[in-house]
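Student:
Residue numbers (our numbering): 31 to 322.
1. What is the DSSP secondary structure of residue 80, counted as helix, strand or coil?
2. Would you identify the three-state DSSP class for residue 161, choosing helix, strand or coil?
3. Is the Cβ-Cβ distance between residue 154 and residue 233 less than 8 Å?
4. Taking 8 Å as the cut-off, decide whether the C-beta atoms of residue 131 and residue 78 are in contact.
5. Pop quiz: residue 112 and residue 286 are said to be a contact at Cβ under 8 Å. What is the actual Cβ separation, rounded to whole angstroms?
6. With a 10 Å radius around its C-beta and 16 neighbouring C-beta atoms as the bar for buried, classify residue 80 as buried or exposed.
7. Looking only at its own chain, which residues have a Cβ that is under 7 Å from the Cβ of residue 75, when we skip the five neighbours before and after it?
8. Kindly list the residues whose CB is nearer than 6 Å to the CB of residue 123, restricted to its own chain and excluding five residues on each side of it in sequence; keep chain order.
9. Kindly list the residues whose CB is nearer than 7 Å to the CB of residue 145, restricted to its own chain and excluding five residues on each side of it in sequence; keep chain order.
10. Under the criterion of a Cβ to heavy atom distance below 7 Å, does residue 96 qualify as lining the ligand HEM?
11. Buried or exposed: which applies to residue 181, given that a residue is buried once 16 or more other Cβ atoms fall within 10 Å of its Cβ?
12. Let me know the secondary structure DSSP gives residue 316 once reduced to three states.
13. Using 8 Å as the cut-off, can you tell me whether the region 113–121 makes contact with the region 289–306, which would need three or more C-beta pairs spanning the two stretches below that distance?
14. Quick check: the region 298–312 against the region 253–261, are at least 3 beta-carbon pairs closer than 8 Å?
15. Taking only the alpha-carbon atoms, compute the straight-line gap between residue 66 and residue 120 and give it to the nearest angstrom.
16. Would residue 157 and residue 230 qualify as a contact pair, given that the criterion is a beta-carbon distance under 8 Å?
17. Would you call residue 149 buried or exposed, if buried means 16 or more other Cβ atoms sit within 10 Å of its Cβ?
18. Pick helix, strand or coil for residue 69, following the three-state DSSP scheme.
19. Given a threshold of 16 other Cβ atoms within 10 Å of its Cβ, counted over all protein chains shown, does residue 147 qualify as buried or as exposed?
20. With DSSP run on the structure shown, which of helix, strand or coil describes residue 180?
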């Protein structure tokens, strides 16, 4: 009797402990291994996909950053003969590939923001015409916006091969890595699983909302673009001057001392804090992939 009570108590404690951990599981019982929802690796992976570089892995990007940083540091050291300055430009060069990928992803998101209403309209017209949900999604690969056709065409191939709507939809979400695409896919998934006659109305409402959001964001971006560009120029100007001075070793000799290295460290820290603060104040709210 005592052994049974002990086993029952242990089982209860284990179930309580187990309930405190939330596994990361996709729809259709497809588990994925990530570094955590919203982790650095996950965000970089989404950024690469949004930039159109889905064939590049996060590890390859990290290796490229390290290689460029080391090369830039050695080149600066050879020209300036100043280790502190070489370290500064090595750090800047290390971050450059990530900055380029993010800028490209940002431009592509801006383009797609104007195209998503057209995609939703295509889906709504296909549903009204009597097409099934997989057929309506697959036809976007033929009639939809040129930029998005490959992803939806791949969905059509996946569905024809496997016949599994959920898995093909998950693969489509991975290819697009976009919050709007996540919402559309989940709305279609729920409609297919539980049924309903309001899909057409839902898609029309979503199309109207997306057009209004794109119009508002375009107006705000146009008004603040000159401020953001001026702030970026103000941050980059001192380092551009330092790069010019680095071509004359006698001009940068004072930076080889402890006081000179301290000045560079304080300047670098101030530049990073000011730039991050500028981005925080000027950033428009971005949707997160809560339905990944």
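Where a beta carbon is used, it is the ideal one built from N, C-alpha and C, also for glycine. Remember, it's a predicted structure, so these values are computed and weren't measured experimentally.
Tutor: Taking the definition as stated:
1. helix
2. coil
3. yes
4. yes
5. 5 Å
6. buried
7. 88
8. 98, 99 and 102
9. 175, 177 and 178
10. As for the ligand HEM, it is missing from this structure, which has no ligand bound.
11. buried
12. coil
13. yes
14. yes
15. Reliability fails at residue 66, whose pLDDT of 44 lies under 50, so the model's placement of it is uncertain and the value that follows must be treated cautiously. If you take the alpha carbons of residue 66 and residue 120, they lie about 30 Å apart.
16. yes
17. buried
18. coil
19. buried
20. helix
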